[in-house]
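A quick write-up on the structure given underneath.
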Amino acid sequence: MSEKEVFEKVQKIVSEQLGVDVGEVKPEASFANDLGADSLDTVELVMALEEEFDIEIPDEAAEGIATVQSAVDFICKKVAV
Numbered sequence: 001m002s003e004k005e006v007f008e009k010v011q012k013i014v015s016e017q018l019g020v021d022v023g024e025v026k027p028e029a030s031f032a033n034d035l036g037a038d039s040l041d042t043v044e045l046v047m048a049l050e051e052e053f054d055i056e057i058p059d060e061a062a063e064g065i066a067t068v069q070s071a072v073d074f075i076c077k078k079v080a081v
């Protein structure tokens, strides 16, 4: 799976979870500031990403994932892209 494919999957999940247009889910977009995620949204988003990519995102790592690109980077490392 390429980084582009990971981004596209993350983009789709974020769009569905947060109810935002796919076009708003850009790499630099902040989940809280740009996409309007609250703490519950963030927890649900992490769970959806864990399920989609069959990975575990520890709480400490989840706290550092603030943007779409940071989520993509973390997932790419976990799935060895």
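Heads up: the sequence shown at position 78 corresponds to 78 in UniProt numbering, and the numbers run straight through without jumps. Glycine included, every Cβ here is placed at the ideal spot set by N, Cα and C.
Mind checking who residue i pairs with in its DSSP beta bridge?
i          : result
residue 67 : 30
Starting from the Cα of residue i, find the closest Cα among the options and give me that residue.
i          : options          : result
residue 8  : 38, 52 and 39    : 52
residue 6  : 55, 61 and 18    : 55
residue 28 : 73, 81 and 79    : 73
residue 25 : 59, 71 and 77    : 71
residue 41 : 81, 30 and 18    : 18
residue 16 : 1, 38, 30 and 45 : 45
Is the beta carbon of residue i within less than 7 Å of some heavy atom of the ligand MG?
i         : result
residue 2 : With respect to the ligand MG, the structure offers nothing, as it holds no ligand at all.
Just to confirm, are residue i and residue j a CB contact at a threshold of 8 Å?
i          : j          : result
residue 22 : residue 11 : yes
residue 13 : residue 61 : no
residue 63 : residue 57 : no
residue 3  : residue 81 : yes
Assess contact between the region 59-70 and the region 25-40, defined as three or more Cβ pairs (one per stretch) separated by less than 8 Å. Is contact present? yes
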